[in-house]
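*Asks:*
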Amino acid sequence: MSFTITLRQAPTRLAPRLPELTKASFRSTAPIRAFHQSSRQSNFFTSRATATSTLLRTTPKNAFANQSRTYMQPTPAPAVDSGSTLRRLLTGGAIFGGTLIAINAVFNRETREDGGMPPFERSYLNSTFLHTGLGIGIIGLTARQMVQSGFVYRIMVTNPWVVAIGGLALSFGTMLGTRAIDPDNYVPKYALWTAFNATQAAFIAPLVAFAPGALIARAGLYTIAMMGSISFVGATAKQEKYMYIGGPLLAGAAIVAVSGLAPLVIPATAARTLALTENIWLYGGLAVFGGFTLYDVQKILYHARMAERGIIKKDPVNESISLELDFLNIFIRMVQILMMQQNRKK
0 MSFTITLRQA
10 PTRLAPRLPE
20 LTKASFRSTA
30 PIRAFHQSSR
40 QSNFFTSRAT
50 ATSTLLRTTP
60 KNAFANQSRT
70 YMQPTPAPAV
80 DSGSTLRRLL
90 TGGAIFGGTL
100 IAINAVFNRE
110 TREDGGMPPF
120 ERSYLNSTFL
130 HTGLGIGIIG
140 LTARQMVQSG
150 FVYRIMVTNP
160 WVVAIGGLAL
170 SFGTMLGTRA
180 IDPDNYVPKY
190 ALWTAFNATQ
200 AAFIAPLVAF
210 APGALIARAG
220 LYTIAMMGSI
230 SFVGATAKQE
240 KYMYIGGPLL
250 AGAAIVAVSG
260 LAPLVIPATA
270 ARTLALTENI
280 WLYGGLAVFG
290 GFTLYDVQKI
300 LYHARMAERG
310 IIKKDPVNES
320 ISLELDFLNI
330 FIRMVQILMM
340 QQNRKK
């Protein structure tokens, strides 16, 4: 009887102590599982977002630092084809030589009868070409400096009429001042000549700012080739053979100037008329200023003979101004023609 009572009272005695035993067991096993065991969790019901976040937490931050990919991959530098460059140089030389021979054959059938160019004329012509090259160099460097300093953009945002009228006034003023100063008075003459070149640089600086550099170089080479061939014809032609073309060239220059101002008067709806005036401005201007180059070279030789006789003073600075204006007018039209061709290819 007593044995039976003991068995029946055992659960009764353990029941009040069950919470204490449970807490003690949790206190003794929790640290052991935290530091020495990794509980395996079932991934069957784990969401995709949870798995991704777990992967991001366990992955080091610099794990993909060396594996980053961008959409702007650096393009490899184009290989320079020496064969194509040589081919272009040969083609340009052939064009220049063929143009020189053709112009000489057409316009220079009657050569000089005095056995060639005398030394004084050759020296005077070389000095004039030297001043022309120096003036073109000053214009190019000044225009580049104007673009880099932002002076061109400040000019463009101002009133265009003020800039145009003021620029023309400065250009004509410095040109006439340079021509009026005696050639023996070096300092003011060269100072005004430099100022004249600076005003011409201000006119072509916007064109240099927006045209590509390669196109500018091509236009310069074409201009040098054209003026060089025409100057050769003028230098080796018969004395004063082309001096009579000054009047017709002046009339042609007036027509070219009027065609350049036509877009200010003709409405935009007259597309054919505007296209005609543009062709007169471009191609007619090339013909007119090419003729002026021929005329100016013969005029320089004529002035050289007069200076040798003591009639006038030797003044290569004044002679170079005419050739500089011829160069700039041909160069501007070359740039415009090449830009039009480039836009048609796009």
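Just so we're aligned: 307 in numbering that gives the first Met the number 0 is position 308 of the sequence shown, and the numbers increase by one with no gaps anywhere. The beta-carbon is built from N, C-alpha and C at its ideal position, and this holds for glycine as well. Small disclaimer: the values here were computed from a predicted structure and weren't measured.
1. Within the same chain, show all residues whose beta-carbon is closer than 8 Å to that of valine 334, passing over the 5 residues directly before and after it, in chain order.
2. My guess is that isoleucine 229 and leucine 327 are in contact by the Cβ rule of under 8 Å, so how many angstroms apart are they, rounded?
3. So proline 315 is in the alpha helix (DSSP H); what residue range does that whole segment cover?
4. Give the secondary structure of alanine 236 by DSSP, where H, G and I count as helix, E and B as strand, and everything else as coil.
5. Would you mind sorting serine 167 into buried or exposed? The rule is 16 or more other CB atoms within 10 Å of its CB.
6. Would a C-beta distance cut-off of 8 Å place threonine 131 and serine 258 closer than the cut-off?
7. Hey, is the segment 272-292 in contact with the segment 245-264, meaning 3+ C-beta pairs nearer than 8 Å?
8. Given isoleucine 154, which residues of its chain have a CB within under 6 Å of its CB, disregarding the five upstream and five downstream residues?
9. On the three-state DSSP scale, how would you describe tyrosine 189?
10. Is the segment 230-239 in contact with the segment 292-299, if contact means three or more CB pairs nearer than 8 Å?
11. Report the option in Gly212, Phe128, Val186 whose CA atom is closest to the CA atom of valine 146.
12. Confirm, please, whether the CB-CB distance from methionine 226 to phenylalanine 195 is below 8 Å.
13. Return the chain-ordered list of same chain residues with a C-beta closer than 7 Å to the C-beta of phenylalanine 288, the five sequence neighbours on each side being excluded.
14. Grab me the residues of methionine 291's own chain with a C-beta within less than 6 Å of its C-beta, minus the 5 sequence neighbours each way, in chain order.
15. Tell whether a beta-carbon distance below 8 Å holds between threonine 193 and leucine 322.
16. If you draw a straight line from the C-alpha of glycine 246 to the C-alpha of alanine 252, how long is it?
17. Can you check which of these residues, Pro315, Val156, Pro117, is closest to tyrosine 189 by C-alpha distance?
18. How many Å lie between isoleucine 223 and methionine 339 at the Cα?
19. One question on the structure: do lysine 313 and proline 182 come within less than 8 Å of each other, judged by their Cβ atoms?
20. For alanine 204, which of helix, strand or coil comes out of DSSP?
21. Which same chain residues, not among the five before or five after leucine 191, have their C-beta less than 6 Å away from its C-beta?
22. Take the Cβ of glycine 309 as the centre, count every other Cβ of all protein chains shown within 10 Å, and call the residue buried at 16 or more, exposed below.
*Replies:* So, from the data block:
1. Leu206, Ala210, Leu214, Ile215, Ala218
2. So it is not a contact: roughly 15 Å between Cβ atoms.
3. 315-344
4. strand
5. Serine is not the amino acid found at residue 167; the sequence shown has leucine there. Its Cβ having fewer than 16 others within 10 Å, leucine 167 is exposed.
6. no
7. yes
8. Val162
9. helix
10. yes
11. Gly212
12. no
13. Asp325, Asn328, Ile329
14. Looking at the sequence itself, residue 291 is phenylalanine, so the reference to methionine does not match. Cβ within range, chain order: Leu248, Asp325.
15. no
16. 10 Å
17. Pro315
18. 20 Å
19. yes
20. helix
21. Thr173, Gly176, Thr177
22. exposed
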